[in-house]
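Enquirer:
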Amino acid sequence: MEPIALEEDLICAICREVFVEPVTLPCGHNYCEECIDLLRKSSSSAFSSEHGRGSCYRCPLCLSPCDARIRVKRNAALRAIVDKWRGRRARGGGGGVVTDDRCTVCKGERRSRALKSCARCRESYCAAHVLPHLENGALRQHALLAVVVVEPEPRADASSSRSSSPHLCRDHGRDAELYCRTDATALCAFCMLPSESAHLAGHHVVKLSEAVDAVKEGCQAKLDDVQDSLAEIRDNLQKLEETALISKDSLTSQQQAYTAFVKKIKLFLEVEEKAWQKRLSVDMVTENRKMKYRAEKMEQLQARLQEAERTLQEAQDIHDPLTLMQLLENVDWQVGQGGRDGSVSALPLREVCSAQVREVMEGPSLQPAALPRNIPLFHILQKAFTGEQIRFDPETAHPRLGMDADRTALWVKEGGAGGAQEAVEPGGGGGGGAYYALGATPFSRGTHYWEVEVRGVASWALGVAYEGSRAPQPRDSASSWSLAYSEDTGQYCARHAGQALSFVAERPPRAVGLYLDLHSGILCFYDAALLQGLHTFYGQFRSALLPLFCPGQRERRPQDEASEPSVRSADTVTSP
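Heads up, the sequence shown is in my numbering, so the first residue is 1 and it goes up one at a time.
#1: Residue range of the alpha helix (DSSP H) that residue 24 falls in?
#2: According to DSSP, simplified to helix, strand and coil, what is residue 436?
#3: Among 442, 353, 147, 414, which has the Cα closest to the Cα of residue 126?
#4: Using 10 angstroms around the beta-carbon of residue 340, count the other beta-carbons present and answer buried if the total reaches 16, otherwise exposed.
#5: Rounding to the nearest angstrom, what Cα-Cα distance links residue 187 and residue 175 in this structure?
#6: Work out the CA separation of residue 32 and residue 21 for me, nearest whole Å.
#7: Give the straight-line distance between the Cα atoms of residue 405 and residue 397, rounded to the nearest whole angstrom.
#8: Starting from residue 537, follow its DSSP beta bridges and name the residues at the other end.
#9: From this set, 277, 529, 520, which residue's C-alpha is nearest residue 512's C-alpha?
#10: DSSP three-state call for residue 496: helix, strand or coil?
#11: Which residues bound the alpha helix (DSSP H) around residue 37?
#12: For residue 260, count neighbouring Cβ atoms within 10 angstroms of its own Cβ and tell me buried if that reaches 16, exposed if not.
#13: Can you tell me whether residue 218 is helix, strand or coil according to DSSP?
#14: Give me the Cβ distance between residue 545 and residue 443, rounded to the nearest whole Å; I'm assuming they're in contact under 8 Å.
#15: Just to confirm the assignment, what range does the alpha helix (DSSP H) spanning residue 324 have?
#16: Taking only the alpha-carbon atoms, compute the straight-line gap between residue 311 and residue 180 and give it to the nearest angstrom.
#17: Just grab the DSSP bridge partners of residue 532 for me.
#18: Under a three-way DSSP split, which group does residue 144 fall into?
#19: Assign residue 329 to buried or exposed, taking buried as 16 or more other Cβ atoms, counted over all protein chains shown, within 10 Å of its Cβ.
#20: Assuming residue 450 contacts residue 464 (C-beta within less than 8 Å), just tell me the rounded distance between them.
#21: Would you kindly check if the distance between the Cβ of residue 248 and the Cβ of residue 284 is under 9 Å?
#22: Determine the direct distance from the alpha carbon of residue 72 to that of residue 326, and round the result to whole angstroms.
#23: Express the C-alpha separation of residue 42 and residue 351 in angstroms, rounding to a whole number.
#24: Can you tell me the Cα-Cα spacing of residue 501 and residue 489, whole angstroms?
#25: By DSSP's criteria, residue 73 is part of a beta bridge. Which residues make up the other side?
#26: Closest to residue 232 by CA distance: which of 177, 306, 395, 219 is it?
#27: Using three-state DSSP, classify residue 399 as helix, strand or coil.
#28: Can you tell me which residues form a DSSP beta bridge with residue 512?
#29: Using a Cβ-Cβ cut-off of 6 Å (strictly less than) and excluding sequence neighbours within five positions of residue 445, which residues of its own chain qualify?
#30: For residue 321, does the count of other Cβ atoms within 10 angstroms reach 16, so buried, or fall short, so exposed?
#31: Just verifying my parser: in three-state terms, what is the DSSP assignment at residue 98?
#32: Helix or strand or just coil, what does DSSP make of residue 136?
#33: Bridge partners for residue 304 per DSSP, in chain order?
#34: Taking all protein chains shown into account, do 16 or more other C-beta atoms lie within 10 angstroms of the C-beta of residue 493, making it buried, or fewer, making it exposed?
#35: May I ask you to report which of helix, strand or coil DSSP gives residue 259?
#36: How many angstroms separate the CA atom of residue 10 from the CA atom of residue 318?
Structure below.
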């Protein structure tokens, strides 16, 4: 192919020069990339298309509209042809020597005359393109000589070197001597030209050798932070293990205490015992899950920091800056939320990592299920089962009933006149009549427990009655709940609202305990000495209740104690 004929096909229709970085429009015509950029910027026409209305420019040859938003692609094949044509023309018959002194950076055939040549860059520069060598601190160290004729480097070798050597600029294929700390990119002298403005405004450009030291200093600072954070994590993991062990021991001790306490009151708290066991089991699982969750979060952070530590340690042994950059680009510095899209900063300083550690350690605590209910209930029951001191109300006592000065003992006096109360038979038959008295303090809510000493009393009736009720007789009244005993029949009799249930007593009781839960509607009678249940009422209490006492009469026998048989309120609980 003749050179003249080839040159006619390699001319740009806009600048009328040989193609420089040729690009192809959608219509198929080729132009210089810089010419198309100028054409796109100067275009102000809007054309309608079937997809809508947008900014377009026309092809200078066929006038076809081209969408300005579409980025045209470079024509690699045409560029290779242009490079070969230029190489053939420059060599002038194969001598391999440049025959002109024009600027090697200017584009097109009408290039400016070169003023200086750089021995290191092997380029000649015109007045405009020599400015970076005069202004940039790193490029000022290059030796600028008078214009000399240089041997051009073959394009194929440059392409091969670009693909194999990591010391070349990725954009221009020249030796990388500078480093942009803002973009973490290696640069060449061509990157500092005014037309290449990506790394000029506001960017920090230094010599490549200086960048290695700066990057290593940053890596060392990050390595110190990572190591300090790992040490902090190890300490906190140990604290988590100790806390988990203490919590487990505490919960185990609490479970044992509950179990021991329930054995004493198992008679009327079997349901509560099962509930305690279940709640404590839930607490144990919850505590284990909480500690496991925190440990997993801490281990995840530890794993990421360990990986960063290994990478940073490897970086200390790398002296090649680009390899160092590539290694650091593959490291996930993020230890918080977000990713590589810039939503969060790079590897945080130690303070941020410490804050995350504190967040894991001091995160929202999961309150055990047993604590809000079992602990208060435990104290309430412990207080209740220490025994309440019951004092009798003299105004409700029958005149035939005697009472001590403390109003804690009650008995039937011999002889004397009757009163408003009529004698009843609390034991369901046998023996003499009986009279009742009420407690002085009403119970309106909560749980209550008291014991009554009945040793030596042949017949008696104990229970509760509504406050303000008239004549709460233990036999038939719907306003009272009572348990009676008769030594003559050897039976107990539970009464409420005209209903009675009799059962045999294995032996005469010495003391009877009463457990009252107004909220649950439970009234339990049990043998306080043997800790054996006697009878339990289940119902609903509509108002405040008063303790009910009804001692019976019997003739004195010689073997009886010298003291008068009496119903005596007790305020102590015998430990099992």
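The beta carbon of each residue, even a glycine, is placed where N, CA and C say it ideally should be.
Keep in mind that this is a model prediction, so the values were computed, not measured.
Expert: In terms of the structure at hand:
#1: Careful: residue 24 lies outside any alpha helix (DSSP H), inside the beta strand (DSSP E) at 22-24.
#2: When secondary structure is reduced to three states using DSSP, residue 436 falls in the coil class, being assigned neither helix nor strand.
#3: 147
#4: Caution applies to residue 340, whose pLDDT of 46 falls short of 50 and renders its modelled position unreliable; the model cannot decide the point.
#5: 8 Å
#6: 6 Å
#7: 14 Å
#8: 523
#9: 529
#10: strand
#11: 33-42
#12: exposed
#13: helix
#14: Going by Cβ atoms, the distance from residue 545 to residue 443 rounds to 5 Å, so yes, they are a contact pair.
#15: It spans 321-329 - the alpha helix (DSSP H) in which residue 324 sits, taken as one unbroken run.
#16: 22 Å
#17: 527
#18: strand
#19: exposed
#20: Residue 450 to residue 464, Cβ: 11 Å. No contact.
#21: In this structure, residue 248 lies closer than 9 Å to residue 284 by Cβ.
#22: 29 Å
#23: One C-alpha to the other measures close to 52 Å.
#24: 14 Å
#25: For residue 73, DSSP records a beta bridge to 24.
#26: 306
#27: Shown here, residue 399 sits in coil according to DSSP, grouped into three states, outside any helix or strand.
#28: 452, 527
#29: 518
#30: buried
#31: Confidence at residue 98 is low in this model, with a pLDDT of 43, below 50, so the placement of that residue is unreliable and no value is reported for it.
#32: coil
#33: None; residue 304 has no bridge partner.
#34: buried
#35: helix
#36: 46 Å
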